[in-house]
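Have a look at the structure below before the remarks.
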Amino acid sequence: LTEVNALLGCPLVMFPLELLQDAQDVNQLHELPASVSAAVLTSLQAASSYLREVLNCFAPTAAEEQQRSPSQGSELQAKLSRRVAQLAQLEALAAALADNLQPP
Numbered sequence: 380l381t382e383v384n385a386l387l388g389c390p391l392v393m394f395p396l397e398l399l400q401d402a403q404d405v406n407q408l409h410e411l412p413a414s415v416s417a418a419v420l421t422s423l424q425a426a427s428s429y430l431r432e433v434l435n436c437f438a439p440t441a442a443e444e445q446q447r448s449p450s451q452g453s454e455l456q457a458k459l460s461r462r463v464a465q466l467a468q469l470e471a472l473a474a475a476l477a478d479n480l481q482p483p
């Protein structure tokens, strides 16, 4: 996996999350057309799935990398930690947005 470890640190480009909230940080997803709301939630789900798969690929090798090269192992663990935090943030956002939507 060392040849593709850039996947762990490369940015995940999405729509600006600020578009979903007004100035008081109130969820505005319910005011968007149903097709746009569905696209937003689908994007969040796809991004979460991608991060989960990246974590599943690299997490098992983190301990081995730490033993082999402590500096690279620490860097790998830092990147894994950032991805876990990003995954938690995306999942929390998706849950909050979905909770405020009315069923079609």
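If you're matching positions, the sequence shown starts at 380 in our numbering and goes up one per residue.
Beta carbons: idealized from backbone N, C-alpha and C, even for Gly.
Given the structure is predicted, the values throughout are model-derived calculations rather than measurements.
Subject >> Contact between the stretch 386 to 397 and the stretch 449 to 463 (3+ Cβ pairs under 8 angstroms) >> reply: yes
Original post:
Considering only residues of the same chain and omitting the five flanking positions on each side of R447, which have a CB-CB separation below 8 angstroms?
Top reply: Position 68 of the sequence shown, counted from the start, is the residue given in the question as residue 447. Result list for R447: empty, nothing under 8 angstroms.
Subject >> V415, buried or exposed, once every other Cβ within 10 Å from all chains shown has been counted against 16 >> reply: On the sequence shown, residue 415 is found 36 positions in, with the first residue counted as 1. So V415 counts as exposed.
Original post:
Do L472 and L434 have their CB atoms nearer than 8 angstroms?
Top reply: Working through the sequence shown from its first residue, we reach residue 472 at position 93. Working through the sequence shown from its first residue, we reach residue 434 at position 55. Not closer than 8 angstroms, so no.
Original post:
So, helix, strand or coil for S448, using DSSP?
Top reply: Against the sequence shown, residue 448 aligns to sequence position 69. The answer is coil: DSSP assigns S448 none of H, G, I, E or B.
Subject >> L387, enclosing alpha helix (DSSP H) - first and last residue >> reply: For the purposes of this step, residue 387 is taken as the residue at position 8 of the sequence shown. Run containing L387: A385 to G388, per the alpha helix (DSSP H) assignment.
**OP:** Between the Cα of A474 and those of L391, V383 and Q424, spot the shortest distance and give me the residue it belongs to.
**Re:** Within the sequence shown, numbered from 1, the residue matching residue 474 stands at position 95. Out of L391, V383 and Q424, Q424 has the C-alpha closest to the C-alpha of A474.
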